[in-house]
Structure formats: structure tokens, C-alpha cells
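Asker: First the structure, which I've put down as C-alpha cells, then a few questions once you've had a look.
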Amino acid sequence: MSTVRESTAIGWARSRAAGPQRVGPSLSGPAGMRRLVEADASAVWLLPMVPEGAGPTVLDELGLTATAVEQPNDTARVLAACLRCCWPEPSGSPWPGVPASWEQVTSVFRTITDNRDERVSNIALVAGVRRLAGASWLRWSERTREVRLGPRVAGWRDPELSTLRELWRLIPQVVPTVIPNVVPMKIHNVHNPVDKPVEKSPSPVDSQGSVERPPSD
Amino acid sequence: MTDPVTDPSANPVFDAMLAELSERQREDVLAGYAALEHSAEPVHEALLPALRDATLRRSLTELLHGLGRTLIKLSGNHWTSGYRDDIQAELTRDGWHPLERVDRAILTLVLVHSVAIPRSEGGLRIDQDADTWTSPHPTSPDEIFKHSHLPREEARTALGRLRAAGLVQLDRRRGTGYIPGPQFNRLTPAARRRLQEELILAAGPDTPLAAAIRIRRLHNQGNS
Numbered sequence: 010m011s012t013v014r015e016s017t018a019i020g021w022a023r024s025r026a027a028g029p030q031r032v033g034p035s036l037s038g039p040a041g042m043r044r045l046v047e048a049d050a051s052a053v054w055l056l057p058m059v060p061e062g063a064g065p066t067v068l069d070e071l072g073l074t075a076t077a078v079e080q081p082n083d084t085a086r087v088l089a090a091c092l093r094c095c096w097p098e099p100s101g102s103p104w105p106g107v108p109a110s111w112e113q114v115t116s117v118f119r120t121i122t123d124n125r126d127e128r129v130s131n132i133a134l135v136a137g138v139r140r141l142a143g144a145s146w147l148r149w150s151e152r153t154r155e156v157r158l159g160p161r162v163a164g165w166r167d168p169e170l171s172t173l174r175e176l177w178r179l180i181p182q183v184v185p186t187v188i189p190n191v192v193p194m195k196i197h198n199v200h201n202p203v204d205k206p207v208e209k210s211p212s213p214v215d216s217q218g219s220v221e222r223p224p225s226d
Numbered sequence: 007m008t009d010p011v012t013d014p015s016a017n018p019v020f021d022a023m024l025a026e027l028s029e030r031q032r033e034d035v036l037a038g039y040a041a042l043e044h045s046a047e048p049v050h051e052a053l054l055p056a057l058r059d060a061t062l063r064r065s066l067t068e069l070l071h072g073l074g075r076t077l078i079k080l081s082g083n084h085w086t087s088g089y090r091d092d093i094q095a096e097l098t099r100d101g102w103h104p105l106e107r108v109d110r111a112i113l114t115l116v117l118v119h120s121v122a123i124p125r126s127e128g129g130l131r132i133d134q135d136a137d138t139w140t141s142p143h144p145t146s147p148d149e150i151f152k153h154s155h156l157p158r159e160e161a162r163t164a165l166g167r168l169r170a171a172g173l174v175q176l177d178r179r180r181g182t183g184y185i186p187g188p189q190f191n192r193l194t195p196a197a198r199r200r201l202q203e204e205l206i207l208a209a210g211p212d213t214p215l216a217a218a219i220r221i222r223r224l225h226n227q228g229n230s
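Listed below in C-alpha cells is the structure:
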């Protein structure tokens with residue numbers, strides 16, 4: 010198991026099992042993976058990149074379904090809120106973005122969900138962040154109570170980014186005025202476990218710009 | 007901040023393995039890869055030229071192999087992909103595991119209650135041609151909460167992660183219990199055997215069958 014071919018196979022399999030891997034900045038990583046340097050250059054994420062015809066979007070053309078995302082609409086709204094907060098300059102790449110406080114994300118999420126009941130909103134937000142962090146679309150720090158974009162956002166291609174930029178402009182940036190006293194429950198920042206198919210990009214918009222589109226199925 | 011990549015879809019691994027194919031063949035193999043790797047359920051071969059055509063299937067197999075995966079044929083001309091056995095062994099050799107401990111515990115409970123116990127009682131037919139991890143015996147949430155000895159919220163969160171990973175699924179036809187998820191289709195024959203042995207060791211550690219498994223493993227270790 011020492012050849013380049015075998016280490017490439019192991020690297021891809023590890024990523025399949027546990028999501029994009031975070032490694033030291035000096036490691037080059039397996040072939041075919043994109044190196045995403047963190048903002049402070051302290052580490053690098055290795056993101057598998059497949060050719061366009063080999064990605065999950067092909068499933069639609071074949072009439073197949075990907076693994077379903079629970080609460081797809083709210084999950085998409087949570088991602089939209091985090092993108093609005095963590096992507097400061099949408100003309101560029103969303104990676105690495107900037108950290109956003111839990112209060113910022115809560116305020117934007119409540120705005121795009123029509124200020125539904127605070128408790129219900131918080132439950133949906135915690136569950137969505139947990140789900141998205143588990144799949145490496147987001148990162149969540151329990152210590153700093155900050156949300157960051159995860160390495161998978163760097164996999165979006167130009168057409169998807171164009172749509173997301175339009176969405177970004179539609180969502181108002183809200184300055185949090187009320188700090189929710191509901192402390193987010195534990196959100197495990199783990200990656201896709203085991204043999205989970207890579208989820209389709211949970212784009213919070215469809216081609217018509219609706220925020221109702223389920224992120225995966 | 008990303009390293010400079012001119013074309014985000016450029017991938018030397020795919021390019022090298024598909025270099026000798028025509029554009030059409032390349033598209034077919036890539037579609038086959040996408041279907042097998044990303045679909046929640048196994049795919050019928052009628053849907054994909056890369057599964058029907060022997061030459062294309064060989065290319066697809068090589069592509070999967072280079073990425074640590076293998077082609078798996080199921081009953082009824084359905085196919086899926088899974089980890090190569092040697093890659094799985096290499097990944098887990100030093101105890102590495104992508105699942106959290108609590109998730110593994112909950113998954114084991116579901117497998118024991120939905121598969122191992124019904125099988126030991128003759129309630130599950132063991133058929134080499136069928137998916138032996140399909141179970142009509144859901145494990146109820148109450149059973150999971152009771153036997154896991156975990157706080158309910160922690161067990162619920164773990165179940166959510168396992169559902170998201172396709173490792174368990176809700177069996178709505180028979181209530182609201184959990185059964186093994188579609189990812190169990192992705193086990194190779196060797197992986198199925200290993201898992202079956204692990205279930206015997208977990209569900210009946212004092213049985214003669216468990217003793218035989220332990221002896222055989224010791225014997226194999228001695229020979230390797």
C-alpha cells in the first residue's frame with residue numbers, strides 16, 4: 010500500500026467515509042483533490058473534485074434520487090442565512106469566508122423565515138446547522154459560538170455561484186438587536202460518516218430563485 | 007483562499023483512467039460513476055450503458071478501483087459501489103473509524119434487534135442471493151432509548167446522523183421503528199461476512215458459534 014496509486018485510493022476512500030479532510034499546510038494530499046487553505050493558513054482542507062458529468066447533479070437526469078436531507082427547506086434556509094453572514098464579498102469565492110456569530114445567523118434566519126416563533130426558529134436553526142456541519146457545508150465552534158462556511162462550498166461551480174449571488178443580494182443583512190438567550194445545543198462538527206453518498210449541493214435556491222427548493226432530493 | 011486551479015472540474019485521476027475512451031464512452035462511464043456513487047439506492051443495469059456494456063463496465067470498475075471503491079452486483083441486475091476490502095482494511099487498521107462511538111452503539115442496537123435476534127429466532131430468511139440486511143423487524147425508539155442507556159436527546163441526535171448517512175431508516179410501514187438503511191447494500195461479500203460475525207459476537211458472545219469465530223480469527227492471525 011505504498012504506491013502513489015494506492016495512497017490516492019486510500020485518500021479518496023477516507024474522504025468518502027469522513028468528509029473533506031483537514032491536514033497540515035505542508036501536505037499535498039491525494040491526486041484529484043483541491044487544496045483549500047484556511048484563512049490563517051494554519052491548515053488545508055482536501056476537497057475531492059469530480060468532473061462535471063460525475064457529480065450528484067447527474068442523478069436528476071437519470072431519474073435517480075440522492076440520500077434525502079431531513080427538513081430540506083429549513084436546511085436550505087439555514088445555509089442561505091449562513092452564506093449571507095459568512096460570505097462578505099459575493100463577487101469572489103465563498104471560501105474561506107468570515108466567521109459569523111450565532112446571533113448574526115439567528116437574526117438573518119428569523120428574517121427569511123418571517124420571524125416565526127423564537128423557540129421553533131431556534132430548534133430549526135440548531136438542527137439545520139447540525140445537519141450542515143455534519144456534511145461539511147458549515148463549521149460550528151462551540152467555544153466561540155461562531156459559524157463558518159465548510160469546505161464543501163468551494164465545490165460550487167460558476168452557474169451555481171451565479172444563482173447564489175442573486176440569492177445573497179435578496180437577503181437583507183440584519184444587525185442583531187435581540188440576543189437570543191437560547192444557547193444552541195451541542196452541534197457536532199463531524200463529517201459524513203461511513204459510506205454516505207456525497208450529497209447534492211444543498212443550494213438554497215433553484216433555477217427560479219425560490220428559497221423553497223429542497224437541498225438534496 | 008484556494009490553491010490555483012484553472013478548471014475546478016479538472017481531475018488527473020479521472021483524466022488518466024478515461025484517457026483512452028471516446029467522448030461518448032467517457033460520458034457514459036462518468037454517468038455510471040455518478041449513479042453508483044451518489045444514488046441512495048442500487049441502480050438497475052438497464053439504466054446505464056456503463057453497466058450493460060462489458061468494455062465500459064471494465065473502465066468503470068477501473069475508475070472505481072483507483073478511487074478506493076469497487077463495483078458490487080446485487081440481485082435482479084442491480085448494481086452499486088462500495089469500499090474495496092483492502093482499502094477498508096487499510097483505513098481501519100489503526101482503529102480509525104469515521105463514526106462517533108455513540109453512533110456505532112446505536113447502529114449496533116438496531117442491527118441486533120432488527121437483524122440478529124430475528125435471525126437467531128428463525129424470523130429472517132438467510133438467502134445468499136438476497137440482501138440479508140433487509141429486515142421487516144423495526145427497532146422501536148423506546149427499545150433504543152432503553153438499551154442504549156443514553157440521554158434521549160443524545161440518542162435522537164445519533165439517530166439523526168445515522169439516518170443522514172443512510173445507515174438506518176425509518177420503517178413507516180410497520181410503525182415508527184428503525185431498520186438498517188440502504189448503505190448496507192454497499193457491503194462487499196467479505197464485508198457482509200465480517201459484519202455477520204461481529205453481530206454473532208455482539209448478540210451471543212457465549213454461544214458455540216461465537217467461540218468458533220474467535221478461534222478461526224486467532225488461527226488466521228497466526229497464519230498472516
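In order, the protein sequences belong to chains D and B.
Residues in the first sequence are numbered consecutively from 10, following our numbering.
Residues in the second sequence are numbered consecutively from 7, following our numbering.
Every residue gets a Cβ at the ideal spot worked out from N, C-alpha and C, and that includes glycine.
(1) Taking just the CA atoms, how far does Pro-29(D) sit from Ser-28(B)?
(2) Please state the DSSP three-state secondary structure of Thr-161(B).
(3) Should the segment 139-157 of chain B be regarded as contacting the segment 210-219 of chain B, the criterion being three or more beta carbon pairs within less than 8 Å?
(4) Would you tell me roughly how many angstroms separate the C-alpha atoms of Gly-137(D) and Gly-106(D), rounded to the nearest one?
(5) Quick test of your reading: Arg-86(D) and Thr-122(D), contact by CB under 8 Å. State the CB separation rounded to the nearest angstrom.
(6) Do Gly-172(B) and Gln-189(B) have their beta-carbon atoms positioned less than 7 Å apart in this structure?
(7) For the alpha helix (DSSP H) that contains Thr-153(D), what are its first and last residues?
(8) Which chain B residues are close to Ala-40(D), counting only those with a beta carbon under 7 Å from its beta carbon?
(9) Can you find a CB in chain B that lies within less than 7 Å of the CB of Thr-74(D)?
(10) Using a C-beta to C-beta distance shorter than 7 Å, which residues of chain B count as neighbours of Leu-92(D)?
(11) May I ask you to report which of helix, strand or coil DSSP gives Ser-37(D)?
(12) Apart from the five residues just before and just after Gly-64(D), which ones in its own chain have a Cβ nearer than 7 Å to its Cβ?
(13) Along chain D, in chain order, which residues have C-beta atoms closer than 9 Å to that of Leu-53(B)?
(14) What is the rounded straight-line gap between the Cα of Glu-96(B) and the Cα of Gly-187(B)?
(15) Report yes if the CB atom of Val-156(D) is closer than 7 Å to the CB atom of Val-114(D), and no otherwise.
(16) Measure the C-alpha to C-alpha separation of Leu-53(B) and Leu-71(D) and round it to an integer number of angstroms.
(17) Go through the segment 98-124 of chain D residue by residue and report every complete run of the beta strand (DSSP E) that reaches 3 residues or more, in order.
(18) Is there contact here, the segment 189-203 of chain B with the segment 68-82 of chain B, by at least three beta-carbon pairs under 8 Å?
(19) Which same chain residues end up closer than 6 Å to Trp-104(D) when comparing Cβ atoms and leaving out the 5 residues on each side of it in sequence?
(20) For Pro-104(B), would you say it is in contact with chain C, using Cβ-to-Cβ distances shorter than 7 Å as the test?
(21) Let me confirm a value: Ile-93(B) is counted as buried when at least 16 other C-beta atoms fall within 10 Å, else exposed. Which label applies?
(22) Any beta carbon of chain B sitting closer than 7 Å to that of Pro-3(D)?
(23) Spell out a yes or no on whether the segment 21-37 of chain D and the segment 126-135 of chain D are touching, meaning 3 or more CB-CB pairs, one atom from each, closer than 8 Å.
(24) Is Ile-93(B) close to chain D? Criterion is C-beta to C-beta, closer than 7 Å.
(25) Using three-state DSSP, classify Pro-144(B) as helix, strand or coil.
(26) Tell me which residues share the same chain as Pro-160(D) and place their Cβ nearer than 6 Å to its Cβ, disregarding the 5 neighbours each side in the sequence.
(27) May I ask which residues mark the beginning and end of the alpha helix (DSSP H) holding Thr-172(D)?
(28) For Trp-102(B) and Glu-51(B), which I take to be in contact (beta-carbon distance under 8 Å), what is that distance rounded to the nearest angstrom?
(29) In whole angstroms, what separates the C-alpha of Pro-144(B) from that of Arg-30(B)?
(30) Alpha carbon to alpha carbon, how far is Pro-39(D) from Trp-21(D)? Give it in angstroms, no decimals.
(31) Comparing C-alpha positions only, which one of Glu-106(B), Leu-113(B), Leu-42(B) sits nearest to Leu-80(B)?
(32) Cβ closer than 9 Å: which chain D residues qualify as neighbours of Val-49(B)?
(33) Quick check on Gly-20(D): does DSSP put it in helix, strand or coil?
(34) Is there a Cβ from chain D that is less than 7 Å from the Cβ of Glu-33(B)?
(35) Any C-beta of chain D sitting closer than 7 Å to the C-beta of Glu-26(B)?
(36) From what residue to what residue does the beta strand (DSSP E) around Pro-65(D) run?
Answerer: By the coordinates alone:
(1) One C-alpha to the other measures close to 31 Å.
(2) The sequence shown places Ala at residue 161(B), not Thr. Three-state DSSP puts Ala-161(B) in a helix.
(3) With a cut-off of 8 Å on Cβ pairs, the segment 139-157 of chain B is not in contact with the segment 210-219 of chain B, counting fewer than three such pairs.
(4) Distance from the CA of Gly-137(D) to the CA of Gly-106(D), rounded to the nearest whole angstrom, comes to 19 Å.
(5) 6 Å between Cβ atoms; contact.
(6) A contact, by the Cβ cut-off of 7 Å.
(7) Segment: none, Thr-153(D) is in no alpha helix (DSSP H) and carries neither H nor E.
(8) In chain order, Pro-18, Val-19 make up the part of chain B whose C-beta sits under 7 Å from the C-beta of Ala-40(D).
(9) When Cβ-Cβ separations below 7 Å define contact, Thr-74(D) makes contact with chain B.
(10) None at all; the shortest Cβ gap to chain B is about 17 Å.
(11) Here Ser-37(D) sits in coil by DSSP.
(12) Listed in chain order, the non-local C-beta contacts of Gly-64(D) below 7 Å within the same chain number zero, local neighbours out to five positions each way being set aside.
(13) In chain order: Leu-71, Gly-72, Leu-73.
(14) Per the coordinates, the alpha-carbon of Glu-96(B) lies some 25 Å from the alpha-carbon of Gly-187(B).
(15) With respect to Val-114(D), Val-156(D) sits close: the two C-beta atoms are nearer than 7 Å.
(16) When the Cα atoms are used, Leu-53(B) and Leu-71(D) turn out to be separated by approximately 8 Å.
(17) Annotation: the segment 98-124 of chain D contains no complete segment of the beta strand (DSSP E) (minimum length 3 residues).
(18) At 8 Å Cβ cutoff, the stretches touch.
(19) Same-chain partners within the cutoff: Leu-45, Val-162, Ala-163.
(20) The displayed structure is made up of protein chains D and B, and chain C is not among them.
(21) Counting of Cβ neighbours within 10 angstroms places Ile-93(B) among the buried residues, the total reaching 16 or more.
(22) Since the first and last residues shown for chain D are 10 and 226, residue 3(D) lies out of range.
(23) By the C-beta criterion, the segment 21-37 of chain D is judged not to be in contact with the segment 126-135 of chain D, since fewer than 3 inter-stretch pairs fall below 8 Å.
(24) Among the residues facing chain D, Ile-93(B) is included, as its CB has a counterpart in that chain under 7 Å away.
(25) For Pro-144(B), the secondary structure class from DSSP, reduced to helix, strand or coil, is coil.
(26) Around Pro-160(D), the same chain offers Pro-29, Leu-45, Trp-54, Leu-56, Ser-145 as residues with beta carbons nearer than 6 Å, after the five sequence neighbours per side are excluded.
(27) Per DSSP, Thr-172(D) belongs to the alpha helix (DSSP H) from 167-179.
(28) Actually they do not touch by this definition, with Cβ atoms about 34 Å apart.
(29) Going by C-alpha positions, Pro-144(B) is about 45 Å away from Arg-30(B).
(30) A direct Cα-to-Cα measurement between Trp-21(D) and Pro-39(D) gives close to 7 Å.
(31) The candidate whose alpha carbon is nearest that of Leu-80(B) is Leu-42(B).
(32) Within 9 Å Cβ-Cβ: Leu-71, Leu-73.
(33) DSSP places Gly-20(D) within a helical segment (H, G or I) once states are collapsed to three.
(34) Yes, its Cβ sits closer than 7 Å to a Cβ of chain D.
(35) No, Glu-26(B) does not count as interfacial toward chain D.
(36) If you look at Pro-65(D), you'll find it isn't in any beta strand (DSSP E); DSSP assigns it neither H nor E.
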